[in-house]
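In the working numbering, the protein residues as written are 38 to 516. Ideal placement from N, C-alpha and C gives every residue a C-beta, glycine not left out.
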């Protein structure tokens, strides 16, 4: 082939390559479907907004509570939690898969080298006398193969792999946020039990003094043995309650250790009563929630990946083309291996298509479309559930705030009742039954107040989780 012809073929190939690379891309273009979107959160009415208004949630959302112990524990979740490591490794796999799929857009090149020595049979049918019966063969072949992406099959696969990797990244953030929220919830449950244990221990001290007083009065002939039995029963019942708190507290402590990636035996959290109140949390607008929730991002990216599967199914209706080429050097003597006469080459183009598949491709298209429709429904349901979680916890915080105020009044009234009953009993105006009744009422109200505090703190954590913990869809990886 003359040099001019070679240059002409090269220029034609150079001009055609972009067309082969781009081709036409069959299948629907992805657009995020609509989802229900209220103009505002109904339950936000009456809930205190964040001050200042631009105090948006950011990375370390738990720092809003200002608790040094909680901050330290949360940092260890990121560093050592095993479930989080699993999600991180899954994302690493999905990220690597993008490059693996993208490689199909380009030609595959191969090379080899071989050296053989052969001997012919003298008795073979094609043997000619005088022809050498032994010879060497040295070869250096190079090969190239390429399947042009005419119909966008590979490009659909690449876009799908990117969407799957982004979904995996959002799953990683969902797991991270869930673990962080679980630790914060367990932590405030534990601190709520610390407060309950303190109340019970203080009550035991008061009841012990009451028992001592009742026994003194009994020995002085001022009380009956029944009064002593009542005082002792109430004291021992309260002691048992204080001991029982330790069971639940130990379980929360163990759960926190596991969340931090440590064996339960290695963590000991000293008791401490926390007086923190739920912080002001910027709820924002419902429309912002679509970009702030990682689980919504998972559903949306899964939906995008399913849309690409429709394009893949449709591309199966079209023929596939494959370009191949082989060339290199072959010689019986190494000395003239790389000379012109030793070169060889061949090129080829092949095409294939399925003529009759008995409905297989149609079935795959129906499956792909149905799978996509299912992801759309899942996405919309995820959005609705996200709105519900925010509304639930906004309502819980608003209602519990009022309940806490009312309960505090009940605690103060119960304390006053117990003081009056104790005074009347000491002065001989009432029997001890009124004292035990008043003490039971006071203890129950103080325990209820502590439980309400725990519920308020838990609701605030769940609201922060429901709002995405400061995450944003813009943090999804770009490819």
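Nearest-angstrom Cα separation, counted from residue 235 out to residue 463: 26 Å
Beta-ladder partner(s) of residue 152, from DSSP: 175
If you run the structure through DSSP and keep just helix, strand and coil, what is residue 181? Three-state result, residue 181: strand.
Exposure label - residue 505; buried when at least 16 CB within 10 Å: buried
I believe residue 102 touches residue 300 by the beta-carbon criterion, under 8 Å. Please report the beta-carbon distance rounded to the nearest angstrom. Not a contact, Cβ separation roughly 26 Å.
Going straight from the alpha carbon of residue 509 to that of residue 116, what length do you get? 21 Å
Thinking C-alpha only, which one of 444, 153, 196 is nearest residue 478? 444
Residues in its own chain within less than 7 Å of residue 512 by CB, not counting five upstream and five downstream? Within the same chain, and ignoring the five residues on either side of residue 512 in sequence, no residue has its Cβ closer than 7 Å to its Cβ.
Whose CA, out of 496, 473, 392, 263, lies closest to the CA of residue 241? 473
Residues in the same chain with beta-carbon distance under 8 Å from residue 379, minus the five sequence neighbours each way, listed in chain order, please. 366, 367, 368, 373
Does DSSP put residue 263 in a helix, in a strand, or in coil? helix
Helix or strand or just coil, what does DSSP make of residue 243? Helix.
First through last residue of the beta strand (DSSP E) which encompasses residue 389: 380 to 389
Which listed residue (305, 413, 501) has its alpha carbon closest to that of residue 339: 413
Report all residues from its chain with a CB closer than 8 Å to the CB of residue 496; omit the five preceding and five following residues, and keep chain order. The answer, listed in chain order, is 315, 430, 433, 434, 437.
Under a three-way DSSP split, which group does residue 58 fall into? In this prediction, residue 58 has a pLDDT of 48, which is less than 50 and means its spatial position is unreliable; nothing more can be read from the coordinates.
Which whole-angstrom value is the C-beta distance of residue 65 and residue 344, which I expect to be below 8 Å? 6 Å
Identify which residue in 119, 153, 105, 262 has its Cα closest to the Cα of residue 297. 119
Tell me residue 359's beta-bridge partners as DSSP assigns them. 387
My output table needs one value for residue 366: the three-state DSSP class, helix, strand or coil. strand
Around the Cβ of residue 193, are there at least 16 other Cβ atoms within 10 angstroms (buried) or fewer (exposed)? buried
Using the beta-carbon count (16 or more within 10 Å), is residue 112 buried or exposed? exposed
Counting C-beta neighbours from all protein chains within 10 Å, is the total for residue 187 16 or more, i.e. buried, or is it exposed? buried
Any contact between the segment 451 to 470 and the segment 203 to 210? By contact I mean 3 or more CB pairs, one from each, below 8 Å. no
Reduced DSSP category for residue 480 - H, G, I as helix; E, B as strand; rest coil: helix
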